[in-house]
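Protein chains in written order, with the working numbering: chain A, 1061 to 1396; chain B, 1061 to 1396. Down below is the structure, laid out as structure tokens.
There are 2 protein chains.
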Amino acid sequence: MTEVRGPVTVRDVARSAGVSIATVSRVVNGHYGVSSRTVEQVRAAIEELGYESSLVATSLRRNRTNVFGLVTHSFESYTAEVLKGVMEALSGTGLDLIVYANSDTYGTRSHGWEQRNLTRLSGTLTDGCIVVTPWTEVKSRTPVVAIDPVRDSTMPSVAADNLAGAVTAVNHLLTLGHRRIGFIGGRSSLAAAWAREEGYRAALADAGLTVDPTLIGRGDFHPETAIAPARTLLDSDDRPTAIFTASDGMALKVLEVAGDLGLDVPGDLSVVGFDNIPESALAQPALTTIDQSMHQLGYEAARLLQELVAGSAEQPLQRFVPTELVVRDSTAPPGR
Amino acid sequence: MTEVRGPVTVRDVARSAGVSIATVSRVVNGHYGVSSRTVEQVRAAIEELGYESSLVATSLRRNRTNVFGLVTHSFESYTAEVLKGVMEALSGTGLDLIVYANSDTYGTRSHGWEQRNLTRLSGTLTDGCIVVTPWTEVKSRTPVVAIDPVRDSTMPSVAADNLAGAVTAVNHLLTLGHRRIGFIGGRSSLAAAWAREEGYRAALADAGLTVDPTLIGRGDFHPETAIAPARTLLDSDDRPTAIFTASDGMALKVLEVAGDLGLDVPGDLSVVGFDNIPESALAQPALTTIDQSMHQLGYEAARLLQELVAGSAEQPLQRFVPTELVVRDSTAPPGR
DNA sequence: CTGAAAGCGCTTACAG
DNA sequence: CTGAAAGCGCTTACAG
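If you want it as structure tokens, here you go:
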């Protein structure tokens, strides 16, 4: 690595090429009205000095930056999937991506992290932002797309078709013959949690079953929060023969609790998760779940954001991506 | 989402609070010498307007930004691990992280992507950068740490102890009784590829075995590039009883090729990878490999970068993280 | 304790 | 075809 004295600026290039900084800028941006001779000189100087225009200065000056921002609460394996999807959508568009992570709020549950990070970026750096699983509504002068929005949110968003996915999950259990099916929900302020519970209720209702409130527990999507409700559900005399859980992380904990209580899965208890995180396939037994493609969520979010920035977005601005049932080893017909 | 007219700037806050923009700046940055009454007023105005200072403007003006950059070629599951490690190291330091991904070079193998992205960031946005697996030496006015540097690179870097890891891998095969052990290497310009091959050679030499050049194939770390050398190795009359591969991605392809040729793993052929990517555990058979903690690589890179920025870094600037042998189902004593 | 002014590196009307 | 100047949103000496 060579330490250069200072940043190479337009000024350095201008001096070296014997022109004004305005001309350098024109060449860099490929504007018309520069003699080919001058273009040559400037290009040579740029090459020689290794000049690259400052993202910051350009952003500050221009209204348009051709950079999208993405704000995330933490980095998980699914975040990488989202990012891959985003980059796939951006590929060939000339749009770059900046992911911003704030170390103070990282991994904590502090209120307002989305808004803070968003405001810092959207000040001038980005043309628009994607925010992954915001916990609140968010405001910005540039377009924002939420992946997994807050419940009742009116902001543009992309989410899995959680309702249909949950119905599919419960129908899978019903088809296997289960009738007492428990549910452990997620953070109720999020649309995903709400829709997954609605799907559970709807599937039971469709099957002519009444929903037993004692069969419904509540976590907040963090795996540990599933432990207490799982215990309550499984310690009962009339315990369910199956549990549908609003996330794989929580479902994995249900598996643990079942193990602690000496219950065999799927012999004594069937478990279905939601998300299809990589760990699900590794679980003992491998978890039956609903796959939501984080890759596709990222892809669609980037597409929607492009439309929004271009002003060409059409209703609906709340978009859904299909889910898919993945049957593995944690589900079977009920009991003995 | 509420669309705000324009960005809320210092000017807006100043007007609302009835002070100058200089005073607003002082309050925002907690500088001394502002009367508590003024501080109150300014704070109230900030609160009311939802002001957040522009990252871009601040970066441009200041020498120090308290933001680290990370430049990556693509987003993979291991990238998320690296990012988690980085954020863990940054947690509580007040340092934020910006990840920059360029859509033009994303996923392609275009030359110079590291340098371009790095230069755009380090112009003024970041105090220093981490670059993940650069393919060339890189220069910058601010400190740079490479995760998995180029071979013979003198830049500050963090890498797994690839040499020791490779020795461990080969010793594992030797202990099982293998004597004809093949090797498929990676992109030879990278230090990791070189060290893994050196380890292979060293372990064989230590065991008193001469290295057979026909047993060495070469890929470039991209999984598909392992197919041809694997075929060559396994089609031979005197084929090896085991293959050590410089990456899991390539090892997984070796498994496929073996399957195509009707060879049983580990019955007819043992395979050892390197990296321990999540997919390795899922392979059939599950892959024996050398674990390099990407999380720890990210963590150490962020620590080293902090030292570099603070000017307190001590030699050596090339740091190594230990590896660990993970024995799974793809290795066994040789044949029949 | 506070403000006016310079300047970070750019781009873009405005002149010529 | 080219340059001088204004200004993007900030921070920081410099005055007062």
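Glycine residues also receive a C-beta, built at the ideal position from the N, C-alpha and C atoms. Source: prediction; values computed, not measured.
Check	Outcome
Using the three-state DSSP reduction, which class does serine 1200 of chain A fall into: helix, strand or coil?	strand
Nearest by alpha-carbon distance to valine 1205 of chain A: which of A:Ser1340, A:Phe1380, A:Glu1100, A:Arg1124 is it?	A:Phe1380
Would you list the one or two residues that DSSP bridges to alanine 1220 of chain B?	B:Val1381
Report back the beta-carbon spacing between alanine 1392 of chain B and serine 1330 of chain B to the nearest angstrom; my notes put them in contact at under 8 Å.	6 Å
Among A:Gly1277, A:Val1227, A:Gly1358, which one has its Cα closest to the Cα of alanine 1262 of chain A?	A:Val1227
Does the beta-carbon of asparagine 1222 of chain A have 16 or more other beta-carbons within 10 angstroms, so that it is buried, or is it exposed?	buried
Given a cut-off of 9 Å, decide if glycine 1129 of chain A and leucine 1157 of chain A are closer than it, judged by their beta-carbon atoms.	yes
Proline 1289 of chain A: buried (16+ other C-beta within 10 angstroms of its C-beta) or exposed?	buried
Do you know how far the Cα of leucine 1347 of chain B is from the Cα of valine 1386 of chain B?	8 Å
Hey, would you say arginine 1256 of chain A sits closer than 9 Å to glycine 1242 of chain A, going by beta carbons?	no
For the region 1130-1162 of chain B, list the alpha helix (DSSP H) runs that are entirely contained and at least 4 residues long, ordered along the chain.	1137-1150
Strictly below 7 Å CB to CB, what residues from chain B border alanine 1161 of chain A?	Met1147, Asp1156, Leu1157
Which residues of the region 1333-1347 of chain A have a Cβ closer than 9 Å to any Cβ of chain B? Give them in chain order.	Pro1338, Glu1339, Ala1341, Leu1342
Per DSSP, what kind of secondary structure is serine 1330 of chain A in: helix, strand or coil?	strand
Based on the DSSP secondary-structure assignment, which residues constitute the bridge partners of glutamine 1352 of chain B?	B:Thr1383
Where does the unbroken alpha helix (DSSP H) through threonine 1083 of chain B begin, and where does it stop?	1081-1088
Going by beta carbon distance, what residues of the same chain come within less than 6 Å of serine 1390 of chain A, once the five residues before and after it are set aside?	Val1325, Pro1326, Val1331, Pro1345, Leu1347, Thr1348
In this structure, what does DSSP give as the bridge partners for valine 1271 of chain A?	Valine 1271 of chain A pairs with nothing; no bridge assigned.
When Cβ atoms are compared, which residues of the region 1174-1196 of chain A fall closer than 9 Å to chain B?	Gln1175, Arg1176, Asn1177, Leu1178, Thr1179, Arg1180, Leu1181, Ser1182, Gly1183, Thr1184, Leu1185
At a CB-CB cut-off below 7 Å, which residues of chain A make contact with phenylalanine 1135 of chain B?	Ala1140, Leu1143, Lys1144, Met1147
What residue from A:Leu1115, A:Ser1248, A:Arg1240 has the CA that sits closest to threonine 1186 of chain A's CA?	A:Leu1115
Applying the criterion that 16 or more other CB atoms from any shown protein chain within 10 Å of the CB defines a buried residue, is histidine 1091 of chain A buried or exposed?	exposed
DSSP three-state call for glycine 1309 of chain B: helix, strand or coil?	helix
Under 8 Å, with one C-beta from each stretch per pair, do the region 1362-1378 of chain B and the region 1303-1316 of chain B reach the 3-pair mark?	no
Between proline 1194 of chain A and proline 1209 of chain A, how many whole angstroms is the CB-CB distance? I'm expecting something under 8 Å.	7 Å
From the DSSP output, which residues share a beta bridge with alanine 1206 of chain A?	A:Val1191, A:Ser1217
Between which two residues does the alpha helix (DSSP H) holding isoleucine 1106 of chain B run?	1096-1109
Taking C-beta pairs closer than 7 Å, name the residues in chain A that aspartate 1208 of chain B reaches, listed in chain order.	Within 7 Å Cβ-Cβ: nothing; aspartate 1208 of chain B doesn't reach chain A, min ~15 Å.
Tell me the DSSP secondary structure of alanine 1302 of chain A in three-state form.	strand
For aspartate 1335 of chain A, which beta-bridge partners are listed by DSSP?	A:Asp1351
Measuring CA to CA, which of A:Ser1249, A:Val1230, A:Glu1360 is closest to aspartate 1280 of chain A?	A:Ser1249
According to DSSP, simplified to helix, strand and coil, what is glycine 1358 of chain A?	helix
With which residues is glycine 1041 of chain A paired in a DSSP beta bridge?	The requested residue 1041 of chain A does not occur in the structure, where chain A is confined to residues 1061 to 1396.
Helix, strand or coil for leucine 1250 of chain B? Go by DSSP, reduced to three states.	strand
What are the boundary residues of the alpha helix (DSSP H) that includes arginine 1180 of chain A?	1173-1182
What did DSSP end up calling valine 1073 of chain B once you bin it into helix, strand or coil?	helix
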